[in-house]
Every structure is written in C-alpha cells, then in structure tokens.
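Worksheet: the structure to be examined is printed underneath.
Numbering (full-length UniProt numbering), first residue to last: 1 to 285.
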C-alpha cells in the first residue's frame, strides 16, 4: 500500500458525526428514545483523554461543540456525582473516581482480552514490536490490551490509547470485518468528517480491504504517525456482532515495509487465528 500522510485532526471533532445528539431528537424528532441531555453529559466525559487529562469549561465546550453555559451545568452535575473532580489551583476539571467502576466492569466483561494476552506477549517478544487489541468507540479504536517487547525501541501505545479508525491499520481491519449495519454509519461519518479528503481516504480503506481479503492483514506505512509502520488483522465473533481488531507496530527502521509484508504481517494473522481458535475451544459465542 502506498504511504499516506499521517492523521492530522483530533478524534473528538470527527466523533460528533456519530453522536446523533441534536435538538431534534430531544423534541420528538428521528428517535424519541434518545435522551439528548444524557448524551451531552457523556460527550463531556469523552472530552478527557490521556493527552489532556485537565480541561476547563471553555476547552470542553470547544471539543464537544456545546454552549459554554450548558457545559458549566454538566460539569457541575458530574462533579457532584463524583465523575469529575475540580482542581481549584489550576481551575480545571479532571476525571473523578466514579468513572473507574465503568472501566472495571467493562474490562471484566472482555473475555477476549484475557485469552489474547499470552498470544500477544509471544508475538511482541518474537518481533520486538508492540501488539494491541482494540474496540471501536465512534471514530476511534480504543486499545483495551497492549503488549510490548522488552526493548529500548518500542512504540509507546498503552491501554486506553485511541487510534483513528480511518487512519490506522487496526481501524482498517475493523472496517473490513464489520457487519454492514455497523460499517455503513462509520463510513458515512468518516465521509462527513473528512470532506474533500474523503475520496483519498476511501481509496486507502478499499485497498486495505483488498489486502485483508488476499493476505489476512493490511499495512499502514506512516499512516498513524510518521516513521511508524503497522499491520492490522481482525476476526468477527461467532454471533456476527463484534469485531476483535489487532495491530502490531513499531519504528519503521525496525519494522521495515518489506519485513512487515513478508514476516510480521503473516505472524499477526497466525496469532489472530490462534486467539480465535482458543476462544472457540472455550465456548466463546
């Protein structure tokens, strides 16, 4: 696959296309079951990430597109409930301990994470690379498990790291395996977010899908970050509802395009198939 310019924009701006949280739905529009106030509160929580753990109301408003008075009421409420904490010295908010319960419950439910971990450890050690397992959240792939080689030269990717679904090998692998009912809204949202760049991105996604159909994996050469090469592969759960997407990546001088194509990519596919087989033996449905 040809090299593509790295991802440039923040995910939060693009994600709005998938939120569906507009005033029409609140007043009896397309979806009467949709609670806009709740969606806005969750959007405020989504504004925080590892790169920016401290945010003021103005910054949150800019990231979510919500009016600042609305943000102020939401942050007050979330603070009262323990989901945000106010730092009086910095005059900014940070996530509160209340969110940990959600994280713990979510991670405990991910059987695939526990099954995949030893396979990912072995692959990371064999290739001197970083191996990730991700789950989709709007227009991001969120890493729920990461294993690294014991090396001074590694890709710094951690649990919770977000990768842009349209600009990463993990994201392309997810798109290649997703049921049409899940894939189509994501493609539509990407088209809206990318604007004039959409035809170019769509061509790369389609090329990745062809690679996966042929080899089982796709390559991302400098697509997520400059000088970082990666490969993605995935499998669909037996019920046809959940895509489990994996990637492997590292500096391009360690994981050259040729090495990725001839050695590392096939090893990733073998690992993914081993994880899938292991899950099936355990009765995963």
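Idealized CB from N, CA, C, for every residue including glycine. All of these numbers come straight from a predicted model, not from anything done at the bench.
>> I'd like to know whether the C-beta atoms of residue 99 and residue 45 end up nearer to each other than 8 Å.
In response: yes
> Since residue 132 sits in a beta bridge, which residues does DSSP pair it with?
Replying inline: 146, 247
> Can you name the residues that DSSP bridges to residue 92?
Replying inline: 87
> Which two residues bound the contiguous alpha helix (DSSP H) that contains residue 181?
Replying inline: 180 to 194
> Are at least three pairs of beta-carbons, each pair with one atom in the region 159 to 171 and one in the region 216 to 226, less than 8 Å apart?
Replying inline: yes
> How many angstroms separate the CA atom of residue 273 from the CA atom of residue 38?
Replying inline: 39 Å
>> I'd like to check one pair, residue 218 with residue 208: are the Cβ atoms closer than 8 Å?
In response: yes
> Thinking C-alpha only, which one of 240, 257, 123 is nearest residue 285?
Replying inline: 240
> Taking the C-alpha atoms as reference points, what is the distance between residue 52 and residue 63?
Replying inline: 11 Å
> Mapping DSSP to helix, strand and coil, what is residue 97?
Replying inline: helix
> Between the Cα of residue 173 and the Cα atoms of 256, 234, 238, which residue gives the shortest distance?
Replying inline: 234
> Going straight from the alpha carbon of residue 25 to that of residue 136, what length do you get?
Replying inline: Legend: pLDDT at residue 25 = 38, less than 50; position of this residue unreliable, no value from coordinates given.
> I think residue 118 touches residue 139, with their Cβ atoms under 8 Å apart; what is that distance to the nearest whole Å?
Replying inline: About 31 Å separates the two Cβ atoms, so there is no contact after all.
> Measuring CB to CB, does residue 248 end up less than 8 Å from residue 130?
Replying inline: yes
> Between which two residues does the alpha helix (DSSP H) carrying residue 221 extend?
Replying inline: It is not in any alpha helix (DSSP H) - residue 221 instead sits in the beta strand (DSSP E) that spans 218 to 221.
> Does the distance from the C-beta atom of residue 142 to that of residue 157 stay below 8 Å?
Replying inline: no
> residue 196 to residue 268, Cα distance in whole Å?
Replying inline: 33 Å
> What do you get for residue 93, buried or exposed, if any count of 16 or more other CB atoms within 10 angstroms of its CB means buried?
Replying inline: buried
> Using DSSP with H/G/I as helix, E/B as strand and the rest coil, what is residue 140?
Replying inline: strand
> So, residue 237 versus residue 244, is the Cβ gap smaller than 8 Å?
Replying inline: yes
>> Using the three-state DSSP reduction, which class does residue 32 fall into: helix, strand or coil?
In response: coil
> Cβ of residue 215 within 8 Å of Cβ of residue 265?
Replying inline: yes
> Residues in its own chain within less than 7 Å of residue 72 by CB, not counting five upstream and five downstream?
Replying inline: 57
> Opposite residue 55 in the DSSP bridges: which residues?
Replying inline: 93
> Can you tell me whether residue 42 is buried or exposed, with buried defined as 16 or more other CB within 10 angstroms of its CB?
Replying inline: exposed
> So the alpha helix (DSSP H) residue 162 belongs to, where does it begin and stop?
Replying inline: Premise fails: residue 162 lies in the beta strand (DSSP E), 162 to 164, not in any alpha helix (DSSP H).
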